[in-house]
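Okay, so here's the structure we're looking at.
Residue numbers (this note's numbering): 1 to 383.
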């Protein structure tokens, strides 16, 4: 089974290198004039992306619920609730009128927390056309049927062009123009190309993938381990511990992904290990900060209240724990974290879960060297 999965990973990885780049003709057509972009959501990431697209010449409209915040954005060019030190591009127009925001938009970026995602998308669906491109930027999972955000877009709207944007993307660093990489994933080349064209700039590089499910799953799963990393940091654990935590987290993520039919090779990219590293290492990560608070002895409710924003990993822990138990997937870190967060177990128990799990292989889905070389030769000779 392991050899079979590793071979499939090699095959899938090679295939993912093909057909994900825009053709020269597509780039030329889209470079001649700016796109019309709509952003649903007024959080930090949606605001940062709106400004990137606007600065590149797109006509950008951003939908928010709060009329007072809309007024302040349009008047002061600042989203003082989520990015108070960031100046929003002059050509971003905020509005509470969803129909107006969506009208004539070619690309729609959906940056809504997972708990409200379906509700907002269902409302927006009446103004969405089959030709509009919808890209989710939300890293979460809907609890009822274990549904990813892009699947909600496919269920609730008539759009034929759906994708996801994910990666190590701390909004505050993007706002500060720190060099950042992201991934747009879709099985539709038009979606990938349009998102790359709208958002790629000299400090925000958008790569492409055709593994939408894997990229989106990676973005949701890494939130769990960011909480664990924050907790470990708060407990005074060192760099060796964090390194082990990150690599074992990647093993758990890949193991879970394969059970769900995702390509494990995707987790070696920006949307997997890249996102995992940044969220497990930075106090700018909301999920990391929740873990810090838990490690300091705060309750989960106190940690969430102190954060003041949505930390998707809190809900994801319970979902993944339940799914792993149902499908008999070995995930000791998730199990240990769930016990700390929801069952009243002391935080240091998580460390025991990391060290006392079953003795297993370091790297899963591996091939012997000679088989790897043979498969590589087969792939290169057939390409």
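For every residue, glycine included, the Cβ atom is placed at its ideal position computed from N, Cα and C.
- The region 177–184 makes no contact with the region 231–243, as fewer than three CB pairs between them are under 8 Å.
- Here residue 319 is near residue 146, since their CB atoms are less than 8 Å apart.
- In the three-state scheme derived from DSSP, where H, G and I count as helix and E and B as strand, residue 264 is classed as helix.
- For residue 58, the closest C-alpha among the options 95, 105, 94 and 43 is that of 105.
- Membership of residue 219 in the alpha helix (DSSP H) is indicated by the continuous run 212–234.
- Within the region 169–204, the complete alpha helix (DSSP H) runs of at least 4 residues fall at 171–175 and 189–199.
- Distance from the CA of residue 282 to the CA of residue 168, rounded to the nearest whole angstrom, comes to 11 Å.
- Rounded to whole angstroms, the separation of the alpha carbons of residue 224 and residue 158 is 32 Å.
- Closest in C-alpha terms to residue 343, from the list 213, 257, 299 and 288, comes 299.
- Residue 282 sits in coil when the DSSP states are folded into three classes, being neither helix nor strand.
- Distance from the CA atom of residue 200 to the CA atom of residue 54, rounded to whole angstroms, is 12 Å.
- Using a 10 angstroms sphere on the CB of residue 197, the tally of other CB atoms reaches 16 or more, which defines it as buried.
- As the crow flies, the alpha-carbon of residue 50 is around 42 Å from that of residue 349.
- In the DSSP assignment, residue 108 falls within the unbroken beta strand (DSSP E) covering 107–110.
- According to DSSP, residue pairing for residue 135 in a beta bridge involves 109 and 163.
- Put simply, the backbone Cα of residue 130 is about 12 Å away from that of residue 153.
- For the 8 Å CB-CB criterion, residue 226 and residue 315 do not form a contact.
- The alpha helix (DSSP H) runs lying completely inside the region 28–72 and spanning 4 residues or more are 44–55, given in chain order.
- Residue 301 counts as exposed, since fewer than 16 other beta carbons sit within 10 angstroms of its beta carbon.
- Residue pairing by DSSP places residue 118 in no beta bridge whatsoever.
- Here residue 91 carries a coil assignment [DSSP, helix/strand/coil].
- Relative to the Cα of residue 203, the nearest Cα in the group 211, 177, 239 and 219 belongs to 177.
- A direct Cα-to-Cα measurement between residue 311 and residue 114 gives close to 10 Å.
- Around the CB of residue 247, fewer than 16 other CB atoms lie within 10 Å, so the residue is classed as exposed.
- Annotation: residue 251 to residue 308 spans about 31 Å, alpha carbon to alpha carbon.
- Residue 192 is classed as buried because its beta carbon has at least 16 other beta carbons within 10 Å across all chains shown.
- Here residue 321 is buried, its C-beta having at least 16 other C-beta atoms within 10 Å.
- When secondary structure is reduced to three states using DSSP, residue 271 falls in the helix class.
- The C-beta separation of residue 219 from residue 275 comes to about 6 Å, placing the pair in contact by the 8 Å criterion.
- DSSP, reduced to helix, strand and coil, places residue 147 within a strand of the structure shown.
- No Cβ-Cβ contact shorter than 8 Å links residue 175 with residue 108.
- The Cβ neighbour count for residue 240, taken over all protein chains shown within 10 Å, is under 16; the residue is labelled exposed.
- Check the Cα spacing between residue 61 and each of 210, 36, 209 and 43: the tightest is with 36.
- Bounds of the alpha helix (DSSP H) holding residue 334 are 332–342.
- The C-beta distance from residue 92 to residue 135 rounds to 17 Å, too long to meet the 8 Å contact threshold.
- Secondary structure of residue 103 (DSSP, three-state): coil.
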